[in-house]
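Trainee: Quick note: the sequence shown uses my numbering, first residue 4, plus one each step. Got a structure here, written out as structure tokens. Questions coming.
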Amino acid sequence: MAERALLATREGSLTPGFERIVSASSEVVESLVRDRPADNRYHLPPGLVESLSERIEQDDITRVAVDGIAHEGQMVDLTSALPDVTVRDRRGVVWERLSEGGNPVAAARLTLRDNRIDRRRARRRRRDQQTTAPAGEDGAVAEAERACDRAAERLTQRQETQRRQISESYTGVDAYVTVLSSVPESADCWAGLTGEAESTGPLRPATPTTATTTVGPHELAVTDTPGLFAGGPEWLRTATPGTMAAVERADVVLTVGDVGGLPGQSDFDGTRLRVPSRGFDDPPEELRARLRSVLPTSELAVRLPYTDDGQAVLSWLYDRTSVRELEYGEDIYVRVECPETATESVERRVQQVGGSSVRP
4 MAERALLATR
14 EGSLTPGFER
24 IVSASSEVVE
34 SLVRDRPADN
44 RYHLPPGLVE
54 SLSERIEQDD
64 ITRVAVDGIA
74 HEGQMVDLTS
84 ALPDVTVRDR
94 RGVVWERLSE
104 GGNPVAAARL
114 TLRDNRIDRR
124 RARRRRRDQQ
134 TTAPAGEDGA
144 VAEAERACDR
154 AAERLTQRQE
164 TQRRQISESY
174 TGVDAYVTVL
184 SSVPESADCW
194 AGLTGEAEST
204 GPLRPATPTT
214 ATTTVGPHEL
224 AVTDTPGLFA
234 GGPEWLRTAT
244 PGTMAAVERA
254 DVVLTVGDVG
264 GLPGQSDFDG
274 TRLRVPSRGF
284 DDPPEELRAR
294 LRSVLPTSEL
304 AVRLPYTDDG
314 QAVLSWLYDR
324 TSVRELEYGE
334 DIYVRVECPE
344 TATESVERRV
354 QQVGGSSVRP
């Protein structure tokens, strides 16, 4: 049975995609929206906190999702002011969603956040009780500090692992393509290109997922990413470091929705291309054609000797290039299209068997 949730914000409206993320794992009963300044104590205005308390008791609510950024002290006060429910702010909602999908970095980031809230709570209890007994609240604070240190170390290790997995894999392909979408928008770019089943729903896949495909003469590694929420703020990027690693590595980025402002996009030049945002109804064939138009290729007119070695190279050309024309005579004449980066290797292979090639 899904948990029953209330959404709350003081910002006048919900962030696009926020309700979709919460409703992916909970039944959203109602959204309580106010347009008020931030409250120093609760983040939410006191009147809204009172309304939440009443609705929690009336409607058997088990979760409150706050569409806003609350600091640790505000989270301590807010959870204390409400009945026994799980309370997450905007960051916690996103990290939890990614964690549930199997993202170990997001799980570590969420644990660190919870530990820091526990540390703030322990410090407040020590202050309120004015105790210094080692076995009392001082001991609780020390344990909370150690838990934060362990969680921070685990987070750093997992971030490095995820970045390394992206940067060191699929190194033998002709080009690397990254699919980047925004929440609530999504598209089947990755599935359409690779033929693989894709994870559906907001912030899915929870970690970057890569498969290979062929577009024309190009063998591509195509990476689907969790996408961006609320413009891709720093707190989201720390939980999905593989997304930034995939964008930084990409030869082509396929964008869907508003992904402007992401660090690294301004660095794209003639060899780091962005395909304009894809229409949601574009068939995969049009997407492949668009990709092919931006991937650099070369055409070669090849002459091969009509020998066993020449036939072996012809088979090799069928495997490594797109063969456009083939004619047999005293020699073998073939016109091929290949990735620009592979041109010299094709020319060398042809020369090794006594053949020749020209670029039309």
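Backbone N, C-alpha and C define an ideal beta-carbon position, used for all residues, glycine too.
Measuring CA to CA, which of Glu6, Arg13, Arg23 and Glu53 is closest to Glu30?
Mentor: Here the closest residue by C-alpha is Glu6.
Trainee: Leaving out five residues before and five after Arg126 in sequence, what residues of the same chain have Cβ atoms less than 6 angstroms from its Cβ?
Mentor: If we look at Arg126 and ignore the five residues flanking it on each side, its Cβ neighbours are Val144.
Trainee: Kindly list the residues whose CB is nearer than 8 angstroms to the CB of Thr159, restricted to its own chain and excluding five residues on each side of it in sequence; keep chain order.
Mentor: The answer is none, since no qualifying residue turns up.
Trainee: According to DSSP, Ala178 sits in a beta bridge with which residue or residues?
Mentor: Paired residues: Leu223.
Trainee: Beta-carbon separation of Arg116 and Thr18 under 8 angstroms?
Mentor: No, these two residues do not count as a Cβ contact at 8 angstroms.
Trainee: Between Leu326 and the rest of its own chain, which residues show a CB-CB distance below 7 angstroms, the 5 nearest in sequence each way excluded?
Mentor: The sequence shown places Val at residue 326, not Leu. These residues qualify, in order along the chain: Leu320, Val337 and Val339.
Trainee: Does the distance from the CB of Thr82 to the CB of Arg66 come in under 8 angstroms?
Mentor: No, the pair does not count as a contact, with Cβ atoms beyond the cut-off.
Trainee: With a floor of 4 residues, list each alpha helix (DSSP H) that falls wholly inside the stretch 277-348, ordered by position along the chain.
Mentor: List check, alpha helix (DSSP H) in window: 287-297 and 311-323.
Trainee: If you check the beta carbons only, do Leu51 and Arg13 fall under 8 angstroms apart?
Mentor: The answer is yes: Cβ separation under 8 angstroms.
Trainee: The beta strand (DSSP E) spanning Ala249 covers which residue range?
Mentor: Here Ala249 belongs to no beta strand (DSSP E); instead the alpha helix (DSSP H) covers Pro244 to Arg252.
Trainee: Can you tell me which residues form a DSSP beta bridge with Glu6?
Mentor: Partner(s): Ser29.
Trainee: Is the separation between the beta-carbon of Val356 and that of Pro308 shorter than 8 angstroms?
Mentor: Result yes, Cβ atoms of Val356 and Pro308 sit closer than 8 angstroms.
Trainee: So, with DSSP's three-state summary, where would you put Asp272?
Mentor: Low confidence applies to Asp272: its pLDDT is 49, below 50, so where it sits in the model is not reliable enough to give any reading.
Trainee: What are the start and end residues of the alpha helix (DSSP H) that includes Ala110?
Mentor: Pro107 to Gln132 is the span of the alpha helix (DSSP H), which, as asked, contains Ala110.
Trainee: Skipping 5 residues on each side, what residues in its chain have a beta carbon closer than 6 angstroms to that of Ala150?
Mentor: Correct list, in chain order: Asn118.
Trainee: Identify whether Gly139 lies in helix, strand or coil by the three-state DSSP scheme.
Mentor: Note that Gly139 has pLDDT 49, beneath the 50 cutoff, so the model's placement of it is unreliable and the number below is only indicative. In this structure, Gly139 counts as coil in the three-state DSSP scheme.
Trainee: My output table needs one value for Ala150: the three-state DSSP class, helix, strand or coil.
Mentor: Ala150 falls in the helix class under three-state DSSP.
Trainee: With Pro299 and Ile24 assumed to form a contact (beta carbons below 8 angstroms), what rounded beta-carbon distance in angstroms separates them?
Mentor: Not quite, the Cβ-Cβ distance comes to about 39 angstroms (not below 8 angstroms), so this is no contact.
Trainee: Report yes if the C-beta distance between Val176 and Leu294 is below 8 angstroms; otherwise report no.
Mentor: No. Outside cutoff.
Trainee: Taking 6 angstroms as the limit between beta carbons, can you name the residues of its chain near Val180, skipping five residues before and five after?
Mentor: Answer for Val180: Leu223, Val225 and Val255, listed in chain order.
Trainee: Note the first and the last residue of the continuous alpha helix (DSSP H) segment covering Glu68.
Mentor: Looking at the sequence itself, residue 68 is Ala, so the reference to Glu does not match. No alpha helix (DSSP H) holds Ala68; the beta strand (DSSP E) holding it covers Arg66 to Val69.
Trainee: Between which two residues does the alpha helix (DSSP H) carrying Thr197 extend?
Mentor: Segment Cys192 to Thr197, the alpha helix (DSSP H) holding Thr197.
Trainee: Just how far apart, CA to CA, sit Ser34 and Pro208?
Mentor: Taking the straight line joining both Cα atoms gives about 26 angstroms.
Trainee: Over the uninterrupted alpha helix (DSSP H) stretch that includes Arg240, give me the two end residues.
Mentor: Note, Arg240: alpha helix (DSSP H), Glu237 to Arg240.
Trainee: Using the rule of at least 16 other Cβ atoms within 10 Å of the residue's Cβ for burial, across every protein chain shown, is Gln61 buried or exposed?
Mentor: The residue in question, Gln61, is exposed, as its Cβ has fewer than 16 Cβ neighbours within 10 Å.
Trainee: Per DSSP, Thr91 forms a beta bridge with which residues?
Mentor: With the sequence shown as reference, residue 91 is identified as Arg, and Thr is not the correct amino acid for it. According to DSSP, which records beta bridges pairwise, Arg91 is partnered with Ala68.
Trainee: Determine the contact status of Arg362 and Ser301, defining contact as a CB-CB distance below 8 angstroms.
Mentor: Their beta carbons are under 8 angstroms apart, which means Arg362 touches Ser301 by this criterion.
Trainee: On the DSSP bridge list, what partners appear for Thr372?
Mentor: Nothing about residue 372 can be read from this structure; the chain reaches only from 4 to 363.
Trainee: Shortest alpha-carbon distance to Ser56 belongs to which of Thr203, Asp312 and Ala84?
Mentor: That would be Ala84, whose Cα lies nearest to the Cα of Ser56.
Trainee: Determine the direct distance from the alpha carbon of Glu237 to that of Trp193, and round the result to whole angstroms.
Mentor: Cα-Cα distance, rounded: 25 angstroms.
Trainee: Does the Cβ of Arg130 have 16 or more other Cβ atoms within 10 Å, making it buried, or fewer, making it exposed?
Mentor: Exposed.
Trainee: For Val69, is the classification buried or exposed, using 16 other Cβ atoms within 10 angstroms of its Cβ as the cut-off for buried?
Mentor: Buried, because 16 or more other Cβ atoms sit within 10 Å of the Cβ of Val69.
Trainee: Select from Gly104, Ala73, Asn43 and Pro49 the residue whose C-alpha is nearest the C-alpha of Ala27.
Mentor: Nearest C-alpha to Ala27: Gly104.
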